[in-house]
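Going from the sequence shown to the working numbering is simple: count from 1 and add 210.
We put the CB at the ideal spot given by N, CA and C, even for glycine.
These figures come from a predicted structure and were not determined experimentally.
A quick write-up on the structure given underneath.
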Amino acid sequence: MSQFIEGARRALLLGTVNPDGTANLLEWGSPITENPAAGATEIWEMTNFTDHTHPIHVHLVQFEVINRQPIGGSTRPPEDWEAGHKDTVLVFPMETTRVKARFDRAGLFVWHCHIIDHEDNEMMRPYRIG
Numbered sequence: 211m212s213q214f215i216e217g218a219r220r221a222l223l224l225g226t227v228n229p230d231g232t233a234n235l236l237e238w239g240s241p242i243t244e245n246p247a248a249g250a251t252e253i254w255e256m257t258n259f260t261d262h263t264h265p266i267h268v269h270l271v272q273f274e275v276i277n278r279q280p281i282g283g284s285t286r287p288p289e290d291w292e293a294g295h296k297d298t299v300l301v302f303p304m305e306t307t308r309v310k311a312r313f314d315r316a317g318l319f320v321w322h323c324h325i326i327d328h329e330d331n332e333m334m335r336p337y338r339i340g
């Protein structure tokens, strides 16, 4: 059972990675940092600095899982069950997951953790194509 505490705020944030490898956590209202051109194919790196697995969902884009890499470790191929096009990928703790996506439809969309409690507490970001 959960209990709401007045004045408490929980934030589970997405963001970018700084040049020194540390997390730059961003809230929903922070400026858009993902802005692929319409028709572009990009490789996105999703690094999880937490001790929980996060199912990350990217709206209106299908992607392929390229590889995974523990922080400070060597890359490994995706699991067999990850073959083919996806719109959600598990990003494991202390690991970077790389996906290749083609961004065909111009517009404003979102990407987020698919754990509803995380999504509802700032673990969602807008992105713009075009």
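Under the 10 Å beta carbon count, H295 is surrounded by fewer than 16 other beta carbons and is classified as exposed. In the three-state scheme derived from DSSP, where H, G and I count as helix and E and B as strand, I253 is classed as strand. Cβ-Cβ separation between E332 and V309: approximately 22 Å, too far for a contact (criterion under 8 Å).
Spatial neighbours of N245 in its own chain (CB-CB distance under 6 Å, excluding positions within 5 residues in sequence) are listed in chain order as R338.
If you ignore the 5 residues before and after W238, its C-beta comes within less than 8 Å of the C-beta of E332, M334, R335 and P336, all in its own chain and listed in chain order. Taking the C-beta atoms as reference points, I266 is found nearer than 8 Å to C323. The distance from the Cβ of R278 to that of T307 is about 5 Å, consistent with a contact at the 8 Å cut-off. Per DSSP, I326 is one residue of the alpha helix (DSSP H) stretching across I326 to E329. 8 Å or more divides the Cβ of D314 from the Cβ of G225. When the beta-carbon positions are compared, T263 and F302 come within less than 8 Å of each other.
The alpha carbon of D230 has as its nearest neighbour, out of E252, P288 and G282, the alpha carbon of G282. In this model, T260 and E305 are separated by some 9 Å (Cα to Cα).
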